[in-house]
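Read the structure below first, then the notes.
There are 2 protein chains.
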Amino acid sequence: MSAPKSGRPTIIDVAAAAGVSKSLVSLVMRGAKNVSLEKRELVLASAAALGYRPNAVARTLVQRRSHLIGVLLSDLHNPFFAEVIDGLQAEAGERGYSTIMSVVDQRENAERRALDTLLELRIDGLILASPMIETGGITSSSKEVPVVLVARHARIASVDSVANDDPRGASLIVQHLAELGHRRIAHIDGGNAAGAAERRRGYERSMQKRELTEFVQIVPGAYSDEGGRQGIAVLFDSPTPPTAVFVANDLAALGALSALAERGLRVPEDVSVVGYDNTSLAAVSQIHLTTVDQPRPDMGRTAVRLLLERLTGKRESASHVLIPPRLVVRGTTAPPKQS
Amino acid sequence: MSAPKSGRPTIIDVAAAAGVSKSLVSLVMRGAKNVSLEKRELVLASAAALGYRPNAVARTLVQRRSHLIGVLLSDLHNPFFAEVIDGLQAEAGERGYSTIMSVVDQRENAERRALDTLLELRIDGLILASPMIETGGITSSSKEVPVVLVARHARIASVDSVANDDPRGASLIVQHLAELGHRRIAHIDGGNAAGAAERRRGYERSMQKRELTEFVQIVPGAYSDEGGRQGIAVLFDSPTPPTAVFVANDLAALGALSALAERGLRVPEDVSVVGYDNTSLAAVSQIHLTTVDQPRPDMGRTAVRLLLERLTGKRESASHVLIPPRLVVRGTTAPPKQS
DNA sequence: ACTGCTTGATGGAACGTTCCATGATTGTCG
DNA sequence: CGACAATCATGGAACGTTCCATCAAGCAGT
Chain A
1 MSAPKSGRPT
11 IIDVAAAAGV
21 SKSLVSLVMR
31 GAKNVSLEKR
41 ELVLASAAAL
51 GYRPNAVART
61 LVQRRSHLIG
71 VLLSDLHNPF
81 FAEVIDGLQA
91 EAGERGYSTI
101 MSVVDQRENA
111 ERRALDTLLE
121 LRIDGLILAS
131 PMIETGGITS
141 SSKEVPVVLV
151 ARHARIASVD
161 SVANDDPRGA
171 SLIVQHLAEL
181 GHRRIAHIDG
191 GNAAGAAERR
201 RGYERSMQKR
211 ELTEFVQIVP
221 GAYSDEGGRQ
231 GIAVLFDSPT
241 PPTAVFVAND
251 LAALGALSAL
261 AERGLRVPED
271 VSVVGYDNTS
281 LAAVSQIHLT
291 TVDQPRPDMG
301 RTAVRLLLER
311 LTGKRESASH
321 VLIPPRLVVR
331 GTTAPPKQS
Chain B
1 MSAPKSGRPT
11 IIDVAAAAGV
21 SKSLVSLVMR
31 GAKNVSLEKR
41 ELVLASAAAL
51 GYRPNAVART
61 LVQRRSHLIG
71 VLLSDLHNPF
81 FAEVIDGLQA
91 EAGERGYSTI
101 MSVVDQRENA
111 ERRALDTLLE
121 LRIDGLILAS
131 PMIETGGITS
141 SSKEVPVVLV
151 ARHARIASVD
161 SVANDDPRGA
171 SLIVQHLAEL
181 GHRRIAHIDG
191 GNAAGAAERR
201 RGYERSMQKR
211 ELTEFVQIVP
221 GAYSDEGGRQ
231 GIAVLFDSPT
241 PPTAVFVAND
251 LAALGALSAL
261 AERGLRVPED
271 VSVVGYDNTS
281 LAAVSQIHLT
291 TVDQPRPDMG
301 RTAVRLLLER
311 LTGKRESASH
321 VLIPPRLVVR
331 GTTAPPKQS
């Protein structure tokens with residue numbers, strides 16, 4: 001009630017203004033119910049008048065929990081993660097948690113530093129949407145807070161994970177193409193990028209199950225424009241080119257489409273092409289690529305759910321969730337040409 | 001030295017283990033120089049042995065500053081922001097700040113809530129990469145912490161901003177096309193989306209300056225596939241179609257390309273097309289769109305720099321920075337057909 | 001009228017740091 | 001040799017909350 005005081009008003013200033021104890025102000029701010037209506041309104045009025053804002057830092061210190069979930073993101077450019085984050089953020093919000101994200105760039109130690117920052121802020125849990133981080137860092141973090149890995153299969157027992165069922169996605173593609181009448185279905189793979197091995201394996205097994213083993217043809221590629229181009233070069237310089245190509249991901253599929261166009265081959269009339277990931281690129285009308293969609297928001301939501309199960313002590317053992325993918329048929333697939 | 005104590009080790013535990021005062025441990029952890037080598041190593045050894053990690057929450061409370069920059073992001077899907085964030089994060093890191101991001105989704109009050117969370121965490125400054133937030137929210141936040149607006153022109157005196165020089169970008173496009181020999185240069189605009197008015201104005205003025213006023217032709221569109229398609233329909237149903245089209249942004253330019261292809265018009269042989277934004281789409285080899293690039297990482301870096309100028313009290317008045325764009329010539333522009 | 005219960009309100013300790021004033025030990029210089 | 005710095009180390013207050021034990025007042029039951 002004397003000097004205007006510098007800095008932001010605290011609970012104590014509000015208490016003084018309202019003529020009550022700081023404890024009571026605390027109770028009101030937290031919405032406790034054992035407070036008389038009269039005092040509650042008095043306190044709220046004083047708080048509003050002073051422009052009081054609760055200090056989450058002080059609260060975190062005394063409660064020893066922040067209600068904050070840390071998210072480490074390796075790459076914002078990959079539109080894949082944007083939707084994972086959407087789901088993640090929505091689920092966290094509904095459960096009373098906020099998320100704070102740290103994006104990691106390519107520089108040395110950036111991941112380590114970002115991780116330290118998050119852990120020093122005393123986040124309650126950590127979600128890693130980062131394929132690059134080394135296993136050592138993950139396990140050591142998981143000693144301090146629960147950790148969930150997204151979009152990457154984990155071998156680590158102390159850590160939960162949510163990933164796409166890549167073999168299943170590959171099998172959906174083979175099924176679609178086979179049902180259209182294709183038999184010469186080739187695969188341009190993604191090298192050793194995340195999920196590439198699983199997609200390759202899924203393709204192979206699915207071909208075998210359909211007794212198309214003799215038509216299995218895998219050529220090396222990469223998750224890039226160039227990777228797709230090279231794959232097409234190899235496949236269509238051979239004496240027995242395929243009638244359909246399953247390319248490891250959408251970006252590579254675009255490269256494949258370009259390379260086919262340059263060879264004068266029409267899609268889908270001459271060759272069918274399928275990608276993987278259902279990136280925004282695939283939906284563009286000029287491209288209109290048949291591909292496989294992963295329910296990305298679901299993956300984010302599931303990650304939060306797994307984390308909270310650990311936080312509330314509902315589960316002790318690691319849980320590894322596989323999310324089923326979905327085929328999205330667009331304009332790059334059709335029955336094979338009658339020859 | 002007695003019971004193992006539950007919870008994480010604190011500075012006091014380290015002090016006890018090393019047989020020194022907590023103040024000394026604090027000095028060592030902060031890298032102060034008035035500490036003997038002997039004690040420094042002793043403290044570091046104990047800290048490592050206990051697995052001590054500094055608690056940023058306690059530090060923030062006593063220092064009354066968090067060294068945290070809050071970033072509010074309206075839309076992760078727009079690849080535009082991904083690179084802004086890259087620059088932002090890099091610059092902040094170099095200046096000893098960490099960033100925490102909150103992504104806002106479409107739900108009611110989401111922005112308000114995200115903003116509150118950030119402010120309650122006592123961030124030192126706020127960067128808004130969010131075209132949707134209402135002006136009222138911005139000004140009231142700017143009373144608590146310095147605020148910088150990215151990629152949106154501000155009329156607010158208390159807030160700094162960094163934006164692209166859209167009129168300049170538009171003029172680069174007109175210049176490029178004019179130098180190729182085009183005179184009938186049309187513009188498909190972006191309605192009232194961010195920057196659209198500036199691009200339209202830039203186009204118009206630049207045409208006038210080159211004495212091409214009689215060829216100015218603006219048709220309504222939108223920042224979308226469909227917007228571009230509609231623009232093409234209007235332009236090429238007219239008796240005097242243009243030889244070149246400047247489309248308001250890349251996505252709309254894609255729609256325009258599709259629509260032109262459907263009409264049997266070749267790009268760039270029959271018509272030249274230019275987009276704006278240099279999104280990853282534009283670089284894809286199948287599209288290879290001539291467009292205008294905004295130095296997005298620079299915009300992020302500049303935003304942080306503006307913020308820190310305010311934080312350190314180096315500047316009091318608002319600063320509004322315009323970043324110059326750059327023309328990226330690819331395969332969708334060529335000299336007009338001789339007719 | 002006394003006990004015990006409920007409701008509403010309170011003061012003080014605690015959370016894990018940093019900062020400040022001060023203390024102890026040594027070295028330097030006239 | 002005494003005074004005075006310089007160097008290294010320390011204890012306690014403060015930061016803004018929450019939590020806990022406690023208390024005052026009112027009320028019901030016997």
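Respectively, the protein sequence lines represent chains A and B.
The first sequence maps to residues 1 to 339 in this note's numbering.
The second sequence maps to residues 1 to 339 in this note's numbering.
Think of the CB as a built atom: it goes at the ideal place given N, C-alpha and C, for glycine as much as any other residue.
Given the structure is predicted, the values throughout are model-derived calculations rather than measurements.
{"Asked": "Residue from B:Y203, B:S26, B:D166 and B:E211 with nearest C-alpha to B:P325", "Found": "B:D166"}
{"Asked": "Endpoints, beta strand (DSSP E) assigned at B:H153", "Found": "Taken as a continuous stretch (DSSP letters only), B:H153 belongs to no beta strand (DSSP E), as it is neither H nor E."}
{"Asked": "Neighbour flag for B:T10 against chain A, beta carbons, 8 Å", "Found": "no"}
{"Asked": "Alpha carbon of A:A82 to alpha carbon of A:T60, nearest angstrom", "Found": "28 Å"}
{"Asked": "Euclidean distance between Cα positions of A:A197 and A:V159", "Found": "22 Å"}
{"Asked": "Pair within 8 Å by beta-carbon distance, B:G87 and B:D298", "Found": "yes"}
{"Asked": "Residues that A:D277 bridges to, as DSSP identifies them", "Found": "A:D293"}
{"Asked": "The segment 207-227 of chain B / the segment 148-157 of chain B touching (three or more Cβ pairs under 8 Å)", "Found": "no"}
{"Asked": "CB contact below 8 Å: A:D166 versus chain B", "Found": "no"}
{"Asked": "Alpha-carbon to alpha-carbon, B:G7 and A:R8", "Found": "31 Å"}
{"Asked": "Extent of the continuous beta strand (DSSP E) to which A:T99 belongs", "Found": "S98 to V103"}
{"Asked": "First and last residue of the uninterrupted beta strand (DSSP E) at A:I218", "Found": "Q217 to V219"}
{"Asked": "Test item: CB-CB of B:S98 and B:A92 under 8 Å", "Found": "yes"}
{"Asked": "Per DSSP, the bridge partner or partners of B:F246", "Found": "B:H187 and B:V274"}
{"Asked": "Cβ-based neighbour list, B:I12, same chain, cut-off 6 Å, excluding 5 preceding and 5 following", "Found": "K22"}
{"Asked": "Under 8 Å between C-beta atoms of B:A303 and B:I127", "Found": "yes"}
{"Asked": "Proximal residues to B:S130 (C-beta, below 6 Å), its chain only, five neighbours per side dropped", "Found": "L72 and S74"}
{"Asked": "Residue burial classification, A:T117 (beta-carbon count within 10 angstroms, cutoff 16)", "Found": "buried"}
{"Asked": "Host beta strand (DSSP E) of B:A194 (start-end)", "Found": "That residue, B:A194, is in no beta strand (DSSP E); it is neither H nor E in DSSP."}
{"Asked": "Short CB-CB distance (under 8 Å) between B:L257 and chain A", "Found": "yes"}
{"Asked": "Neighbourhood of B:P54 by C-beta, 7 Å cutoff - its chain only, sequence neighbours within 5 removed", "Found": "M29"}
{"Asked": "A:S285 vs B:D225 beta-carbon contact at 8 Å", "Found": "yes"}
{"Asked": "7 Å CB neighbourhood of A:V43 in its chain, flanking five on each side removed", "Found": "V14, A18, V20, L24, V25 and V28"}
{"Asked": "Residues within the segment 301-332 of chain B neighbouring chain A, beta-carbon criterion of under 8 Å", "Found": "none"}
{"Asked": "Status (buried if at least 16 other CB within 10 Å, exposed otherwise) for A:G125", "Found": "buried"}
{"Asked": "Chain-ordered residues of the segment 107-128 of chain A with a beta carbon less than 7 Å from chain B", "Found": "T117, L119, E120, L121 and R122"}
{"Asked": "Reduced DSSP secondary structure (H/G/I, E/B, other) of A:R326", "Found": "strand"}
{"Asked": "Euclidean distance between Cα positions of A:P4 and A:E316", "Found": "With a pLDDT of only 49 at A:P4, under the threshold of 50, the placement of this residue in the model should not be trusted; the figure read from the coordinates follows. Straight-line Cα distance between these residues: approximately 52 Å."}
{"Asked": "Which residues DSSP lists as bridging A:A389, in chain order", "Found": "Because chain A in this structure spans residues 1 to 339, residue 389 of chain A falls outside the shown range and cannot be described."}
{"Asked": "First through last residue of the alpha helix (DSSP H) which encompasses A:L180", "Found": "D166 to L180"}
{"Asked": "C-alpha gap between B:A110 and B:V104, whole angstroms", "Found": "6 Å"}
{"Asked": "Contacting positions in the segment 81-93 of chain B - beta carbon closer than 7 Å to chain A", "Found": "A82, I85, D86, Q89 and A90"}
{"Asked": "Buried versus exposed call for B:S272 [16 or more other C-beta atoms within 10 Å across all chains shown]", "Found": "buried"}
{"Asked": "B:G70 - partner residues in DSSP beta bridges", "Found": "B:I100 and B:L126"}
{"Asked": "Counterpart residues of B:H320 in DSSP-defined beta bridges", "Found": "B:S161"}
{"Asked": "A:V62, DSSP secondary structure in three states", "Found": "helix"}
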